[in-house]
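*Asks:* Using my numbering, read the sequence shown as starting at 113 and increasing by one per residue. Each residue gets a CB set at the ideal place from its N, CA and C atoms; glycine is no exception. Because the structure is a prediction, the values reported are computed rather than measured.
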Amino acid sequence: MRLATHLFGVRFQNPVLLAAGTCGFGMELEDVIDVDRLGGFVTKSVTLEARAGNAPPRVAEFGGGMLNSIGLANPGLAGARREKLPWIAANVKRAQVLVSLAGHTVQEYLRLVEGLDDADGFLGFEVNLSCPNDARRGGPPFALDPDAVTEIVSGCRARSQRPLVAKLAPNDARLGTTVSRATEAGADGLTLVNTVPGLLLKTDGDPELGAGPGGVSGPALRPIGIRAVSEARVHTSLPLLGVGGVSAPVDAVAYARAGASLVQVGTASFADPRAGQRLARGLERWGRRRGVGSWDELVRTAEA
Ligand code: RRO
């Protein structure tokens, strides 16, 4: 089965990306995997200022997956430009890289795009509108405010010609509206979904995570992500990037059937950094055994 697919004006050698927050900026996995064999990866979300992140423990496992509250630990705009992007420019030749952006205000997203757009080494931006763990910002994420979605996406659009992918939230009761707003504001693609807000408590009533609540990911997120992709497919013809509980080839195929042109591996690659490469190989085998010609044949296209 041919895995290569063309999106955003470039070739993805396979449809498997590592999700934001699970692979740093690629260089952190240098000794463990060859990131250049992946379809691509999304960096840890970059904020204007460097952030140390939340109090430990930052992750806790449970039967359905994992709860995290990393708290946006990252080197900040200047640190990413100085320490991270040059490595990507020098070392990543075939995998496509999206830089994830997270602001605390609309203006911060725009300053991030302005501050990174002329750097080398990456294809485009994944605009993270849906971090559930931003204590500094407080309140619900921007993805749940349609006017903020319009303002952020259109502001980023006006400042960059690069592909712009908006990452949306799973707990969005008006997902169709959000998808339409992001589309009308000029996004080139949508990533569905970020983690679901959750809480794990110990028997003494204390939270398992240092920060208290966090975001749920892993197998428990898969049906939520597939539903979100499926619903988004009805409201936009933009390429969709499916994320949530992707591990086995059948998971990726389910996302494709829902409408995802690319999939992102998150929690599975936290546990095993090779999960993405293994999935790409497994997908090829899965399709070959069934006589499927290409990944593209599996992807549900927009009806309209
Ligand atoms: O850093 C985090 O705690 C985090 C982020 Br930015 C996000 O978008 N999603 C998530 O589950 N954790």
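Can you grab the Cα-Cα spacing for the pair G136 / L222, in whole Å?
*Replies:* Position 24 of the sequence shown, counted from the start, is the residue given in the question as residue 136. Position 110 of the sequence shown, counted from the start, is the residue given in the question as residue 222. Using only the alpha carbons, I get a separation of about 22 Å.
*Asks:* Measuring CB to CB, does E152 end up less than 9 Å from L130?
*Replies:* Position 40 of the sequence shown, counted from the first residue, corresponds to residue 152. Position 18 of the sequence shown, counted from the first residue, corresponds to residue 130. Before going on, a small fix: residue 152 reads as Gly here, not Glu. Yes, the pair counts as a contact, with Cβ atoms nearer than the cut-off.
*Asks:* How would you label R194, buried or exposed, when you count the other beta carbons within 10 angstroms and need 16 or more for buried?
*Replies:* The residue given as residue 194 occupies position 82 in the sequence shown. R194 comes out exposed.
*Asks:* DSSP three-state call for V355: helix, strand or coil?
*Replies:* Along the sequence shown, read from residue 1 onward, the residue named residue 355 stands at position 243. In this structure, V355 counts as strand in the three-state DSSP scheme.
*Asks:* Does DSSP classify N203 as helix, strand or coil?
*Replies:* For the purposes of this step, residue 203 is taken as residue 91 along the sequence shown, with counting starting at 1. For N203, the secondary structure class from DSSP, reduced to helix, strand or coil, is helix.
*Asks:* Comparing alpha-carbon positions, which option in V128, F237, V365, Q125 lies nearest A299?
*Replies:* Looking up residue 299 in the sequence shown gives position 187. Considering only alpha carbons, the answer is F237.
*Asks:* From P361 to A340, what distance separates their C-alpha atoms?
*Replies:* Taking the sequence shown and counting its residues from 1, one reaches residue 361 at position 249. Taking the sequence shown and counting its residues from 1, one reaches residue 340 at position 228. C-alpha separation (whole angstroms): 19 Å.
*Asks:* Have a look at A201, A260, Q219 and flag the residue whose alpha-carbon is nearest the alpha-carbon of D232.
*Replies:* Locating residue 232 in the sequence shown gives position 120, where the first residue counts as 1. Selected option, being the one with the closest Cα: A201.
*Asks:* Could you check how far apart the C-beta atoms of A368 and V291 are, in whole angstroms? I think they sit under 8 Å.
*Replies:* Numbered from its first residue, the sequence shown carries residue 368 at position 256. Numbered from its first residue, the sequence shown carries residue 291 at position 179. So it is not a contact: roughly 18 Å between Cβ atoms.
*Asks:* Taking 8 Å as the cut-off, is the CB of L353 close to at least one heavy atom of the ligand RRO?
*Replies:* In the sequence shown, the residue the question calls residue 353 occupies position 241. Not under cutoff, so the answer is no.
*Asks:* When DSSP labels each residue in this structure, what does S342 get in the three-state scheme?
*Replies:* The residue you call residue 342 lines up with position 230 of the sequence shown. Correct three-state label for S342: helix.
*Asks:* Spatial neighbours of D408 within its chain, please: CB distance less than 6 Å, with the 5 preceding and 5 following residues excluded, ordered by chain position.
*Replies:* Start at 1 with the first residue of the sequence shown, and residue 408 comes out as number 296. Closer than 6 Å at Cβ, skipping near neighbours: T117.
*Asks:* T155: which of P331, V277, S349 sits nearest, CA to CA?
*Replies:* Taking the sequence shown and counting its residues from 1, one reaches residue 155 at position 43. The candidate whose alpha carbon is nearest that of T155 is V277.
*Asks:* P258 lies in the alpha helix (DSSP H); which residues open and close that run?
*Replies:* Residue numbering aside, residue 258 sits at position 146 when the sequence shown is read from its first letter. Counted as a single uninterrupted DSSP element, the alpha helix (DSSP H) harbouring P258 occupies residues 258 to 271.
*Asks:* Would you mind sorting P275 into buried or exposed? The rule is 16 or more other CB atoms within 10 Å of its CB.
*Replies:* Residue numbering aside, residue 275 sits at position 163 when the sequence shown is read from its first letter. Buried.
*Asks:* If you follow the alpha helix (DSSP H) that A364 is in, where does it begin and where does it stop?
*Replies:* Looking up residue 364 in the sequence shown gives position 252. A364: member of the alpha helix (DSSP H) spanning 361 to 370, first to last residue.
*Asks:* So is L197 buried or exposed if we call it buried at 16+ other beta carbons inside 10 Å?
*Replies:* Start at 1 with the first residue of the sequence shown, and residue 197 comes out as number 85. It is buried - the Cβ of L197 has at least 16 other Cβ atoms within 10 Å.
*Asks:* Compute the minimum distance between the beta carbon of A132 and the heavy atoms of the ligand RRO, and state whether it is under 8 Å.
*Replies:* Your numbering for residue 132 matches position 20 in the sequence shown. Yes, the Cβ of A132 comes within 8 Å of a heavy atom of the ligand RRO.
*Asks:* Considering only C-alpha positions, which residue in the set R390, E220, R400 is nearest to V147?
*Replies:* Indexing the sequence shown from 1 puts residue 147 at position 35. Among R390, E220, R400, the Cα nearest to that of V147 belongs to R390.
*Asks:* Can you find the residues in the same chain that come closer than 6 Å, C-beta to C-beta, to T134, ignoring five residues on each side of it along the sequence?
*Replies:* The sequence position of residue 134 within the sequence shown is 22, counting from 1. Excluding residues within five positions, the ones whose Cβ falls inside 6 Å are G378, S381, F382.
*Asks:* Consider the C-beta atom of A383 and the heavy atoms of the ligand RRO; say whether any pair is separated by less than 8 Å.
*Replies:* For this step, residue 383 is matched to residue 271 along the sequence shown. No - the ligand RRO has no heavy atom lying nearer than 8 Å to the Cβ of A383.
*Asks:* Do P168 and G322 count as a contact pair if the criterion is CB distance below 9 Å?
*Replies:* Numbered from 1 along the sequence shown, position 210 holds the residue referred to as residue 322. Numbered from 1 along the sequence shown, position 56 holds the residue referred to as residue 168. Yes.
*Asks:* Using 8 Å as the threshold, is the region 173 to 181 in touch with the region 202 to 221, meaning 3 or more CB pairs across them?
*Replies:* no
*Asks:* May I ask you to list the residues that DSSP assigns as paired with P319?
*Replies:* Counted from its first residue, the sequence shown places residue 319 at position 207. P319 pairs with L313.
*Asks:* Could you check which residue in G250, R393, V239 has the C-alpha nearest to that of T303?
*Replies:* Position 191 of the sequence shown, counted from the first residue, corresponds to residue 303. For T303, the nearest C-alpha among the options comes from V239.
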